[in-house]
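*Asks:*
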Amino acid sequence: MDRSTETELFLVTSISYTSMLAYKCMNIQNSLALELIFWILPQYIAICYPDWIVYLYIMLICIIFLKRKNLFVKYKEEPIKNYYPILDSYRAYLMLMVVISIFAVDFNFYPERFKKSSFFGLTLMDVGIGSFLFNSGAMSVKMSRIKLIFNSLIMIGLGFVRLFTILYFNYTVDITEYGYHMNFYFILGAVYLIYGIIRSKYNFKIALLLTVIYEYFLRVKNQDVFIFSEYRNSLFLKNKEGIYSILPSLTIFMFSSEFGNIGFSKDSNKEKYMKILGMSCMFLFIYYISNGYMIASRRLGNLTYVSWIVGLHSLHLFLSLTVTAFVSFKPLRLHVWVSKNMLTLFLFSNILVLIGNLLFDWKKINEMLGNIVNISYIFISIIIPYIFTKNK
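FYI, in our numbering the residues of the sequence shown are 23 to 414.
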């Protein structure tokens, strides 16, 4: 199976910044329909039809160039409570990619190179897992320890609900992802719990130490061979991928909390700009050095994978800061809603995915119908909940 390149992943995950600049240049009244056309549709095309990505960028850049006089028009909008333009837009962009991919992956037209890897390599689905961890970690700085532990209990409870549902319906899962019984909810619950206990002002240093220790065990103690092995004759061995993924997931979460501290700080935009850019360059440098020794592996959660996830998402945060620093946007209500309801949206979209997969074999339907189903799913998972809750 062909794997994604770093450039392709960056272009696919960055399309929303360009499409939103094009939207701004059109200088038209904000509406839900236009947000769907200029934000959701370009991201959907970029994910499901990445071979069109260059043409999509060219079209959007042409709009920006032709309407460039509107790019720096200033807006005066009524302030929105707890609205952080940098973080809210960034979180909304990444969450949209997660929502689209977890459903579209089961259709024939979804690119094979974007599906989760079983051994080595970078894929969009692998990035999506890191996206949710990075998002959650960045926002964790606003949570108390009690709130973190409470979230942990919720996630663990949802993990059991998903486990019982899978067992009851005999739903097929890829055991190379988290094992037989573990799932992402259990992982996230464990991360919230551990972070809630050990959180301190030394998060970054602790995460760095844990990353080095884990990498030592992977490479020197041959734990990579153990994780990839076919041994499944005990409860631990049946779930070794999920158990081992807790530590690298925790390090991503803790690293991202440092970026959350920067984003929510009272520093000037210039200071935030330089801090985020410097840290992003550091993680991308670590990625390229580490990649020369061991290719990134989501299943292992190795240094190469962790540094790529943190480097890519911090680069996105830098882009978000850059765009919002120079361009004045009308606050897009859908962006704000997605950012504020990220966990609810993630749970609701996962329920829709599970129901759809239990009732239908999506691989048997043709491409046109598949696209209609996917657009309908996005409408149901994002647009309808937004309409019903926007005034609450």
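Glycine included, every Cβ here is placed at the ideal spot set by N, Cα and C.
Let me make sure I understand the geometry here. Which of Met296, Ser336, Ile377 and Tyr217 has the alpha-carbon closest to that of Ile268?
*Replies:* Closest option to Ile268, Cα to Cα, is Tyr217.
*Asks:* Identify, in the order they occur along the chain, each residue of the same chain with its Cβ nearer than 8 Å to the Cβ of Gly201, setting aside the five sequence neighbours on each side.
*Replies:* Excluding sequence neighbours, Gly201 sits near Lys260, Asn261, Lys262, Glu263, Gly264 and Ile265.
*Asks:* How close, in whole Å, do the beta carbons of Ile50 and Leu56 come, if the pair is a contact with beta carbons under 8 Å?
*Replies:* Indeed they touch by this definition, with Cβ atoms about 6 Å apart.
*Asks:* Which residues mark the beginning and the end of the alpha helix (DSSP H) in which Ala318 is found?
*Replies:* Looking at the DSSP string, Ala318 is not in any alpha helix (DSSP H), and its letter there is neither H nor E.
*Asks:* Compute the distance between the beta-carbons of Val234 and Leu272, then report whether it is under 7 Å.
*Replies:* It is not a contact, given that the beta carbons lie outside the stated cut-off.
*Asks:* Return yes when the Cβ of Arg320 is within less than 7 Å of the Cβ of Asp148, no when it is not.
*Replies:* Yes.
*Asks:* If contacts are defined as beta-carbon pairs under 8 Å, then Ser342 and Tyr112 qualify, I think. What distance do you get, rounded to the angstrom?
*Replies:* Going by Cβ atoms, the distance from Ser342 to Tyr112 rounds to 4 Å, so yes, they are a contact pair.
*Asks:* Taking the continuous alpha helix (DSSP H) assigned at Phe323, which residues delimit it?
*Replies:* A small fix is needed here, since residue 323 is Gly in this sequence, not Phe. It is not in any alpha helix (DSSP H) - Gly323 carries neither H nor E in the DSSP assignment.
*Asks:* What residues in its chain sit with their C-beta under 8 Å from that of Asn363, if we drop five residues either side in the sequence?
*Replies:* Closer than 8 Å at the Cβ level, and outside the excluded window around Asn363, lie Pro407 and Thr411.
*Asks:* Would you call the region 122-133 and the region 370-384 touching, i.e. three or more CB-CB distances under 8 Å?
*Replies:* Touching, per the Cβ criterion.
*Asks:* Could you pull out every unbroken alpha helix (DSSP H) segment of at least 4 residues lying fully inside the region 124-173, listed in chain order?
*Replies:* Complete alpha helix (DSSP H) runs here, min 4: 146-161.
*Asks:* Within 10 angstroms of the Cβ of Thr366, are there 16 or more other Cβ atoms? Answer buried if so, exposed if not.
*Replies:* Exposed, by the Cβ-count rule.
*Asks:* Can at least three beta-carbon pairs, one atom from the region 270-285 and one from the region 152-169, be found at a separation below 8 Å?
*Replies:* Touching, yes.
*Asks:* Would you tell me roughly how many angstroms separate the C-alpha atoms of Tyr399 and Leu374, rounded to the nearest one?
*Replies:* For Tyr399 and Leu374, the distance between alpha carbons rounds to 8 Å.
*Asks:* Going by beta carbon distance, what residues of the same chain come within less than 7 Å of Ser312, once the five residues before and after it are set aside?
*Replies:* The answer, listed in chain order, is Leu325, Thr326 and Ser329.
*Asks:* Consult DSSP for Phe186 and reduce its assignment to one of helix, strand or coil.
*Replies:* In the structure shown, Phe186 sits in a helix (DSSP, three-state: H, G or I).
*Asks:* If the criterion is Cβ atoms closer than 7 Å, does the pair Ser174 and Leu215 meet it?
*Replies:* Yes, the pair counts as a contact, with Cβ atoms nearer than the cut-off.
*Asks:* Relative to the alpha-carbon of Gly392, which residue among Val360, Phe131 and Asn92 has its alpha-carbon at the smallest distance?
*Replies:* Of the candidates Val360, Phe131 and Asn92, the one whose C-alpha sits nearest the C-alpha of Gly392 is Phe131.
*Asks:* State the Cα-Cα distance for the pair Phe250 and Ala44, rounded to the nearest angstrom.
*Replies:* The straight-line gap from Cα to Cα measures roughly 45 Å.
*Asks:* Fully enclosed by the region 219-304, which alpha helix (DSSP H) runs are 4 residues long or longer?
*Replies:* Runs found: 225-241, 245-250, 257-260 and 262-286.
*Asks:* Quick one: what does DSSP say Gln51 is sitting in, helix, strand or coil?
*Replies:* Correct three-state label for Gln51: coil.
*Asks:* I need the straight-line Cα distance from Lys292 to Pro64, nearest angstrom please.
*Replies:* Lys292 and Pro64: Cα-Cα distance of roughly 30 Å.
*Asks:* Sorted by chain position, which residues of the same chain lie with C-beta nearer than 7 Å to Gly181's C-beta, five sequence neighbours on each side aside?
*Replies:* Counting only Cβ-Cβ distances below 7 Å, and skipping sequence neighbours, we find Asn205, Tyr207, Phe208 and Gly211.
*Asks:* Could you give the first and the last residue of the continuous alpha helix (DSSP H) run that contains Asn393?
*Replies:* Looking at the DSSP string, the run of the alpha helix (DSSP H) that includes Asn393 is Glu389 to Ile400.
*Asks:* Is it right to say Cys84 is buried, meaning 16 or more other beta carbons lie within 10 angstroms of its own, or is it exposed?
*Replies:* Exposed is the call here.
*Asks:* What residues in its chain sit with their C-beta under 7 Å from that of Glu199, if we drop five residues either side in the sequence?
*Replies:* Hits under 7 Å: Lys138 and Glu263.
*Asks:* Give the straight-line distance between the Cα atoms of Leu257 and Ile197, rounded to the nearest whole angstrom.
*Replies:* Cα to Cα, Leu257 sits roughly 13 Å from Ile197.
*Asks:* For His203, does the three-state DSSP call read helix, strand or coil?
*Replies:* Here His203 sits in coil by DSSP.
*Asks:* Anyone know if the C-beta pair for Ser371 and Ser336 falls short of 7 Å?
*Replies:* Their beta carbons are not under 7 Å apart, which means Ser371 does not touch Ser336 by this criterion.
*Asks:* Output the distance between the C-alpha atoms of His203 and Lys46, rounded to the nearest integer angstrom.
*Replies:* The alpha-carbon atoms of His203 and Lys46 are separated by roughly 46 Å.
*Asks:* Assuming Leu376 contacts Thr187 (C-beta within less than 8 Å), just tell me the rounded distance between them.
*Replies:* Correct: roughly 7 Å between the Cβ atoms.
*Asks:* Three-state secondary structure (DSSP) at Arg25?
*Replies:* Three-state result, Arg25: coil.
*Asks:* Secondary structure at Phe191, three-state DSSP: helix, strand or coil?
*Replies:* Phe191: helix per DSSP, three-state reduction.
*Asks:* Compare the beta carbon distance of Ala114 and Val360 with 7 Å and say whether it is the shorter of the two.
*Replies:* Going by C-beta atoms, Ala114 is nearer than 7 Å to Val360.
*Asks:* Would you mind sorting Ser222 into buried or exposed? The rule is 16 or more other CB atoms within 10 Å of its CB.
*Replies:* Label assigned to Ser222: exposed.
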